[in-house]
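Below is one structure, written out as C-alpha cells; comments come after it.
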Amino acid sequence: MLPRPPWLITAIFLLIPACGGSSLGGTGASDTSIDSVDSSATTDSSPHDGGSGPDGTDGVAVPPSDVGDGAPLPDAPAGPSCGYGGKGQALHVADGIDVCLPPVVCTAETCPPALGKCVDGACTFQGSYAGLKTLPEAWATYYCTLSTGGCHGVTQLEFPEVTAATIAKAAGFPLCEGASGSGTCVGIAASSPMVVGNSQLAIDPATGKTVSNWGLGLTEASGLCYEIEGPGGKAIVALTDRCGGYCRCGGSGFQECGPCVSAPDMEPNCACVGGVPGLHDQCCGRGCVTTKADCDWCASNNHPHFDLDTGTFNHLCGADGINGSCRISKVRYVPCLGPSSAWPPGGGGGSCKIGSYDCPAGPEPHHPGVPGTKCCCNWDLTPQGDGSCK
511 MLPRPPWLIT AIFLLIPACG GSSLGGTGAS DTSIDSVDSS ATTDSSPHDG
561 GSGPDGTDGV AVPPSDVGDG APLPDAPAGP SCGYGGKGQA LHVADGIDVC
611 LPPVVCTAET CPPALGKCVD GACTFQGSYA GLKTLPEAWA TYYCTLSTGG
661 CHGVTQLEFP EVTAATIAKA AGFPLCEGAS GSGTCVGIAA SSPMVVGNSQ
711 LAIDPATGKT VSNWGLGLTE ASGLCYEIEG PGGKAIVALT DRCGGYCRCG
761 GSGFQECGPC VSAPDMEPNC ACVGGVPGLH DQCCGRGCVT TKADCDWCAS
811 NNHPHFDLDT GTFNHLCGAD GINGSCRISK VRYVPCLGPS SAWPPGGGGG
861 SCKIGSYDCP AGPEPHHPGV PGTKCCCNWD LTPQGDGSCK
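Numbering (the numbering used here), first residue to last: 511 to 900.
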C-alpha cells in the first residue's frame, strides 16, 4: 500500500505484535496495501498490534449509532471456483474459516522463495509449509481510521470509505466506526497477499513487466467481502488494501515488504503468531519466547490475516482489543458488491499510470493531480515526468 502518513508511522513504532495461543504464528503488525511503490517508499498496511487497542477516532468525532439488523448477505456460489470472473479458488483453512484465493502471477509475494517454488505458474510449497493453512487460524490487527481518510492506500476505483458506505447502505448495516452493540456492522480490511493477489508493482517473470491484472482479490475486482466474527462481534469487511508484512531482500534489513514483492531472495521475518516451517520454527510476537516489534503478520502467508480499520477492530475484538490483536473465530466470503469491469485502476491497463488513480472530481489534500490528465497521485506521492507517481 502507499506510504503511511506521519501520524500513523509515529503511532505504531513502539507496538509489539501479538502471538496467539497456538504454536504457529503471523506478523504482529498490519502490513501494507497491495499498491506497491518504489524501494524508497513503504507499501504495506501496518497493523497496530501492541499493548493497547485503538481509540477508533484518531481525533475525529464519530456520532454513535446502534448496530443494525440488516438482512444476512447471501452465500457465495458453492463449488471450487469463486471471486474474480469465477477464476478464484476456494480454500477451506479450518472449521468455519474459508477464503477465496484470486488468480495470481506467481511471484515472491504470493510464493515466498524460502517456502515455495513457482512451477508452471503455480506455487509448490516446500516441506511442511502449507501456505495459509500452516497456522489454521485467522487473526486481526488494525491500521487506519475510515473517517480521517487514513485508509487510502492501494489504488482503488473508489476510496475505501465510499466502498464501505455503499456496502453498508445496500446491506442495511451501519459502519462499524461509531456503532454500538455486538451485532453486524461494516468496515474495511487489508488482507494477506495470497488473499488479495499481486501488488500493483509486482513483476511478471514471463514478461519482465508489471503484472497487468493485479489485486484480483480486492472487493472492487472480485465483488466479494468477508464476514468475520471475533470475541466482540461480527463484521462484514470489504478488502481495500493489502497486508504486506515484514521481510528483507537484496541485503536489506527487515522492513515493510513493499520493495521486495518480486525479489528472488525475499525472506519473511519470524511470524507474530505461529511458526513458518523451514524458515522460523518459533513465533516472535507477544507471548512468544522472543518478541520483535517487526514480527511478520503477512509476508509469510502462514494464516489468513485481516488488518482492519479501527472501528471494525474495536467492534470485532471487544475487550481483547487491548492486546492490539485478536483471533477471529469465523471467516467466510460473501457477495457484497458488483465487481467492476473497470478494474484494475492505474497502471495495469487502466488509464492512469502506476501510483495514481482516476479522479474526475479533481485533486484533494494529499492527492495531487497529474498534469495533463484526470489522474491523481495516491496518498502523499508526487507526480513524475512520465505521468506516474512516486
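Where is the CB? At the ideal position from N, CA and C, for every residue including glycine.
Predicted, not measured: the structure shown is a model, and the values here were computed from it.
Enclosing beta strand (DSSP E) for residue i [first to last residue]
i	result
PHE816	815 to 819
PRO845	840 to 845
ASP830	Careful: ASP830 lies outside any beta strand (DSSP E) and carries neither H nor E.
THR658	Unbroken run through THR658: none, as it is neither H nor E.
LEU611	607 to 611
PHE635	632 to 635
CYS887	885 to 887
LEU749	744 to 752
ARG796	Premise fails: ARG796 is in no beta strand (DSSP E) and is neither H nor E.
Nearest to residue i (by Cα), restricted to the options the options
i	options	result
SER591	TYR843, PRO774, ALA781 and ALA604	TYR843
ASP830	SER732, THR665, GLY743 and CYS661	GLY743
ILE713	GLY834, ASP751, ASP806 and VAL615	VAL615
CYS621	VAL721, GLY660 and ALA773	ALA773
LEU645	ALA586, GLY733, VAL783 and PHE669	VAL783
GLY598	TRP649, PRO584, ALA588 and THR750	ALA588
GLY595	ASN723, GLY785 and ALA699	ASN723
SER732	ALA600, VAL721, ALA781 and PRO715	ALA600
HIS602	LYS643, SER638 and PRO623	LYS643
GLY865	THR720, PRO778 and ALA803	THR720
Close beta carbons around residue i, own chain, < 7 angstroms, minus the five adjacent residues each side
i	result
GLY897	LYS863, VAL880 and THR883
THR901	The structure shown does not extend to residue 901, since the chain is modelled only from 511 to 900, so the question has no answer here.
GLY641	PHE635, MET704 and ASN811
VAL799	GLN792
Same chain, Cβ closer than 8 angstroms to residue i, neighbours up to 5 away in sequence not counted
i	result
LEU667	GLU730, SER850, ALA852, TRP853, PRO855, TYR867 and ASP868
THR892	PRO878, CYS899 and LYS900
Coarse secondary structure for residue i, derived from DSSP in three states
i	result
PRO703	helix
GLY593	coil
GLY858	Because the pLDDT at GLY858 is just 45, under 50, the model does not fix this residue reliably, and the value given afterwards should be weighed accordingly. In this structure, GLY858 counts as coil in the three-state DSSP scheme.
GLU874	strand
LEU601	strand
GLY895	coil
LEU642	helix
GLY697	strand
CYS757	strand
CYS686	coil
Close beta carbons around residue i, own chain, < 6 angstroms, minus the five adjacent residues each side
i	result
ILE746	VAL696, CYS735 and GLU737
SER739	The sequence given here places Glu at residue 739; Ser does not occur at that position. Cβ within range, chain order: SER839 and LYS840.
PRO873	GLY879 and CYS886
THR694	PHE683 and LYS744
GLU671	LEU656
PRO606	The sequence given here places Gly at residue 606; Pro does not occur at that position. So the list reads LYS840, once near-sequence residues are dropped.
For residue i, the first and last residue of its enclosing alpha helix (DSSP H)
i	result
LYS627	Counting along the chain, LYS627 falls outside any alpha helix (DSSP H), though it belongs to the beta strand (DSSP E) covering 626 to 629.
CYS676	The question names Cys, but residue 676 is Thr in the sequence shown. Element bounds for THR676: 670 to 681.
THR729	729 to 732
The ligand SAH heavy atom lying under 8 angstroms from the CB of residue i
i	result
ASN812	Ligands are entirely absent from the displayed structure, and the ligand SAH is therefore not among its contents.
Q.
Check whether the segment 744 to 763 and the segment 608 to 615 touch, using three or more Cβ-Cβ pairs below 8 angstroms as the test.
A. Short answer: they don't touch.
Q. Does the count of Cβ pairs from the segment 721 to 738 and the segment 694 to 706 closer than 8 angstroms reach three?
A. Per the Cβ contact rule, the segment 721 to 738 is in contact with the segment 694 to 706 (3 or more Cβ pairs under 8 angstroms).
Q | Given 8 angstroms, three or more beta-carbon pairs between the segment 671 to 683 and the segment 763 to 774 | A | Result no; under three Cβ-Cβ pairs closer than 8 angstroms.
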